[in-house]
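The numbering of the sequence shown is our numbering, which starts it at 3 and goes up by one.
A short write-up of the structure that comes next.
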Amino acid sequence: MWRARPGIALLLAALLAGCASSSRPPPEPRLRLQAQDAEASGARRYAQGEYLAAAQHFSEALRLRLSLDDVPAAARNRLQLAQTRLALGQAQLALDEATQVQDKGLQLAAGLLQVQARLALGQVDSARQQLVPLEAACPAACPERGRVLLLQARTAWAAGDVAQTVRLCTAAQPLLRERGEEREAANASRLLAAAQLQSGDAAAALSAAQAALAIDRQLALPEKIARDWLLIGDIQRLSAGVSHGVDARAAYLRARTVAQAARLNDLTQLAEQALQETSR
């Protein structure tokens, strides 16, 4: 039987090892991995309601993507950062970031975020004008239709059109739930509750506020939970007689407890003020 000489055997082994190693995908570059980690961390913190930390991670991901000339990923990170700025109450910064997003695939999402920022800044007319082309770009079958309807509802509310707010929120809710957008569905329920209270339908308002509370509890969002309890307290206080004052006070106490535990000073003060008003 023919046998390879030791030198030839070593050469063959080296060639085989080279072939095997060449079939493996090259490892991801270090900076790209860092960008991926920063984006994932930002998304996780945002989902947990830790918006300040989320903004820091998204900002770092954006910086790294820009340094790598990864334009599509950088646009996505910029939009994520804009959304987080808005959650932090930094509406102008959110608008500035969203306006810079030029990626065609993100134009609708960026436009919707700009509308939210303009509403937060009190620019109702500008928000309404910007919604017109967005509505045309997102007809009934559009996946983002629920978000468009909710923004139309928020614009109607800002303009003082209560009936239109109720109609649009009611239309938006099932679309948002079908898409699994629970956070936005809770926002729709909260806005619907405020509009129904304004229109004098306290029972429907309380039901909508409780629906928002159930979702926000499931999502573990302390800020939203505190706001839900404040809204429930307002509904009970403004729609009921003196006999229901205890229910309103209990809701405000729950709001204060949640806000204090989450170190939400602004909401704690709102709950304290509401409690003082119920004691008069």
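We treat Cβ as the ideally placed atom computed from N, Cα and C, and that holds for glycine.
Remember, it's a predicted structure, so these values are computed and weren't measured experimentally.
Beta-carbon gap between residue i and residue j smaller than 7 Å
i, j, result
"D230", "Q238", "no"
"R192", "A206", "no"
"A1", "A174", "Absent from the structure is residue 1, since the part of the chain shown begins at 3 and ends at 282."
"Y48", "A37", "no"
"P224", "V260", "yes"
"A210", "L194", "yes"
"A89", "N79", "no"
"R149", "L114", "yes"
"A77", "D105", "yes"
"I217", "A188", "yes"
"Q116", "L97", "yes"
"A269", "A222", "Note that residue 269 is Leu in the sequence shown, not Ala. No. Outside cutoff."
"L170", "Q154", "yes"
"A93", "A119", "yes"
Distance between beta carbons of residue j and residue i, contact taken as under 8 Å
i, j, result
"V126", "A112", "That belief does not hold up - the Cβ atoms of V126 and A112 are roughly 20 Å apart, past 8 Å."
"R130", "C140", "Not really, about 16 Å apart at Cβ, beyond 8 Å."
"L277", "R251", "7 Å"
"R2", "L81", "The requested residue 2 is not part of the displayed model; the chain covers only 3 to 282."
"L33", "L70", "6 Å"
Opening and closing residue of the alpha helix (DSSP H) in which residue i lies
i, result
"R130", "126-139"
"P176", "164-180"
"S209", "204-221"
"E279", "267-280"
"S191", "184-200"
"P145", "No alpha helix (DSSP H) contains P145, which DSSP labels as neither H nor E."
"L123", "L123 -> no alpha helix (DSSP H), and no H or E assigned at all."
"A264", "Unbroken run through A264: none, as it is neither H nor E."
"A228", "224-241"
Cβ of residue i within 7 Å of any chain D Cβ
i, result
"E180", "You won't find chain D in this structure, because it holds only one protein chain."
**Study point:** Sequence ranges, beta strand (DSSP E) only - wholly within the region 76-111, length at least 3
**Key:** none
Review point. What runs of the alpha helix (DSSP H), each 4 residues or longer, lie entirely inside the region 24-64?
Key: Listed in chain order, the complete alpha helix (DSSP H) runs (minimum 4 residues) inside the region 24-64 are 32-49.
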